[in-house]
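**Q** For the protein sequence lines, the chains are V and Y, in the order given. Here our numbering is used: the first residue of the first sequence is 7, the next is one more, and so on. Here our numbering is used: the first residue of the second sequence is 155, the next is one more, and so on. Mind having a look at this structure? Questions to follow.
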Amino acid sequence: SGAYPPDKHFEVPVYDVDLDLSPLQRWAPLMADKGPQLVALIDDVKDLIKSVVGETIFKIIMNNLSKVATTLPYPFYEELVGISTFSELPLSTITMYNIFYEAFTL
Amino acid sequence: CTSIIAQDPSGYLYHGRNLDTGVFLGWDKKNHTWKVAEKLKPLTVQLNWKKNGTTLFRSLSFAGYVGVLTAVKEDKFTFSLDKRFALNGGFMGLLEWILFDDHEQSWVSFLTREVLEVASSYKEAQTKLMKTRLMAPVYFILGGAQPGEGCIITRDRDNADLVTLGSEKTGSGSWFLVQTNYDHWKNPPFFDDRRTPAIQCMTENGQINASLSLIYNVLSTKPVLNKETVYTALMEVRSGELQGWTRQCPDP
Numbered sequence: 007s008g009a010y011p012p013d014k015h016f017e018v019p020v021y022d023v024d025l026d027l028s029p030l031q032r033w034a035p036l037m038a039d040k041g042p043q044l045v046a047l048i049d050d051v052k053d054l055i056k057s058v059v060g061e062t063i064f065k066i067i068m069n070n071l072s073k074v075a076t077t078l079p080y081p082f083y084e085e086l087v088g089i090s091t092f093s094e095l096p097l098s099t100i101t102m103y104n105i106f107y108e109a110f111t112l
Numbered sequence: 155c156t157s158i159i160a161q162d163p164s165g166y167l168y169h170g171r172n173l174d175t176g177v178f179l180g181w182d183k184k185n186h187t188w189k190v191a192e193k194l195k196p197l198t199v200q201l202n203w204k205k206n207g208t209t210l211f212r213s214l215s216f217a218g219y220v221g222v223l224t225a226v227k228e229d230k231f232t233f234s235l236d237k238r239f240a241l242n243g244g245f246m247g248l249l250e251w252i253l254f255d256d257h258e259q260s261w262v263s264f265l266t267r268e269v270l271e272v273a274s275s276y277k278e279a280q281t282k283l284m285k286t287r288l289m290a291p292v293y294f295i296l297g298g299a300q301p302g303e304g305c306i307i308t309r310d311r312d313n314a315d316l317v318t319l320g321s322e323k324t325g326s327g328s329w330f331l332v333q334t335n336y337d338h339w340k341n342p343p344f345f346d347d348r349r350t351p352a353i354q355c356m357t358e359n360g361q362i363n364a365s366l367s368l369i370y371n372v373l374s375t376k377p378v379l380n381k382e383t384v385y386t387a388l389m390e391v392r393s394g395e396l397q398g399w400t401r402q403c404p405d406p
């Protein structure tokens, strides 16, 4: 196709992630802007996982995700806690969103 | 997903990718879109990762996600990740992580973040991406800053298959690499063959036209561009520039 140059209207917004800030704080500006859209996606993802693995396994996974988060290497656990705080979504849900690739290659 | 690395006649490397989601969450009949792709578009952001006041690397990501799927580290390497399907892949890895305490494997997207933060060369990144035990299978597409530095790493949890720029193994040309979501030693399924049209577009344009605009045009050609495509990213290693656009695929 002769699509180039792309339409500027579709350019994605740019944010800084300051690795010198504490992991708990570094995602705050982004989540302040994008938190509500993340909430909208998460509910659908939960429904999807439930439909794929069934209610029982879904519950086992969700019950273990906060524990899984604590075993993640530094600084990922701390970052997920920060995102959870600023988005007001549970840590288990934020963990699920971040490990979705691993869990659902099928 | 579709990832492309191309090298122009002077040895300059370009890297682009489409990120496609699955078809899950269903089809929106009214808008003719896949629901999850539409929900991810407003979450798509470019991140400039800063350390000591300078940009360490740039990535294209989703808000709330701390891993790295698409990124460039200036003058070092470019990177993209394509999903690799496997029945016994990531879910088993997740169960092992929950049930056992040794945690000897790496989460794919956390490993890639670590590679972007720490690796200081194409070779170092390649070694790390090939050798680390993973939770799930995946395709890593890596481009370097020097002529000939480009590769596709097909990973299962323990092993790696490597195809480098110049190899004919993928069916790609000697000056470019194309990777979608299927192993290069197998034919893609008839219902999702993005590899053949991408290779055809690249081949017909020729190395003389290798550029970011060529890659964008190829990534904008149906079915390489499709209803599952969330964003297109273009990366240039020498400048460290990364550009991203969310995509809309017109109906056939």
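Glycine residues also receive a C-beta, built at the ideal position from the N, C-alpha and C atoms.
Can you tell me whether Y:V391 is buried or exposed, with buried defined as 16 or more other CB within 10 angstroms of its CB?
**A** Buried, by the Cβ-count rule.
**Q** Out of Y:N313, Y:L396, Y:M289, Y:P291, which has the shortest C-alpha to C-alpha gap to Y:V169?
**A** The question names Val, but residue 169 of chain Y in the sequence shown is His. Out of Y:N313, Y:L396, Y:M289, Y:P291, Y:L396 has the C-alpha closest to the C-alpha of Y:H169.
**Q** Beta carbon of V:E85, beta carbon of Y:V384: below 7 Å?
**A** No. Outside cutoff.
**Q** In three-state terms, what does DSSP make of V:I48?
**A** Note: V:I48 maps to helix in three-state DSSP.
**Q** At the level of alpha carbons, what is the spacing between Y:L319 and Y:E303?
**A** Each residue's Cα considered, the two are about 7 Å apart.
**Q** Among all the DSSP beta bridges, which residues are the ones paired with Y:N172?
**A** BP columns for Y:N172 point to Y:T156, Y:T386.
**Q** DSSP beta-bridge partners for V:F64?
**A** Answer is none; V:F64 lacks a bridge partner.
**Q** Tell me the rounded alpha-carbon separation between V:S7 and Y:I369.
**A** Distance between the alpha carbons of V:S7 and Y:I369 is about 10 Å.
**Q** Measuring only between beta-carbons, confirm whether V:F16 sits less than 7 Å from chain Y.
**A** Chain Y, which has a Cβ nearer than 7 Å to the Cβ of V:F16, makes this yes.
**Q** With 9 Å as the C-beta to C-beta threshold (strictly closer), list the residues of the segment 77 to 95 of chain V near chain Y in chain order.
**A** Residues T77, L78, P79, P81, F82, E85, L86, I89, S93, L95.
**Q** Name the chain V residues that come within less than 8 Å of Y:N206, Cβ to Cβ?
**A** Those are D26, listed as they occur along chain V.
**Q** Of all Cβ atoms in chain Y, is any one closer than 7 Å to the Cβ of V:T69?
**A** The sequence given here has Asn at residue 69 of chain V, not Thr. So no, V:N69 is outside the interface.
**Q** State buried or exposed for Y:P343, treating a residue as buried only when at least 16 other CB atoms are found within 10 Å of its CB.
**A** Result: exposed.
**Q** Run through the DSSP bridge pairs and tell me what Y:E395 is partnered with.
**A** DSSP output for Y:E395 lists Y:E390 as bridge partner(s).
**Q** Do Y:K205 and V:L25 have their beta-carbon atoms positioned less than 7 Å apart in this structure?
**A** Cβ distance < 7 Å, so V:L25 and Y:K205 count as in contact.
**Q** Tell me, which residues are paired with Y:I307 by DSSP?
**A** Y:F294, Y:L316.
**Q** Under a Cβ-count criterion, where at least 16 other Cβ atoms within 10 Å of its own Cβ denotes burial, should Y:G360 be classed as buried or exposed?
**A** So Y:G360 counts as exposed.
**Q** Less than 7 Å between CB atoms is the rule here; does V:A38 satisfy it with respect to chain Y?
**A** No, V:A38 does not count as interfacial toward chain Y.
**Q** Return helix, strand or coil for V:T101, following the three-state DSSP convention.
**A** Note: V:T101 maps to helix in three-state DSSP.
**Q** V:D49 CB to nearest chain Y CB: under 7 Å?
**A** Closer than 7 Å: no.
**Q** Can you find a CB in chain V that lies within less than 7 Å of the CB of Y:A225?
**A** It does not: the Cβ of Y:A225 has no partner Cβ on chain V nearer than 7 Å.
**Q** Below 8 Å, how does it come out for the segment 223 to 231 of chain Y and the segment 284 to 292 of chain Y: are there three or more Cβ pairs, yes or no?
**A** Flag = no, the segment 223 to 231 of chain Y and the segment 284 to 292 of chain Y do not touch.
**Q** For Y:K205, does the three-state DSSP call read helix, strand or coil?
**A** Y:K205 falls in the strand class under three-state DSSP.
**Q** By alpha-carbon positions, which one of V:V45, V:T76, V:I67, V:D22 ends up nearest to Y:G207?
**A** Nearest option by C-alpha distance: V:D22.
**Q** Under 8 Å by Cβ, that's how I've got Y:L331 and Y:I306 pegged, so tell me the actual separation to the nearest angstrom.
**A** With 8 Å as the limit, Y:L331 and Y:I306 qualify as a contact, their Cβ atoms being about 6 Å apart.
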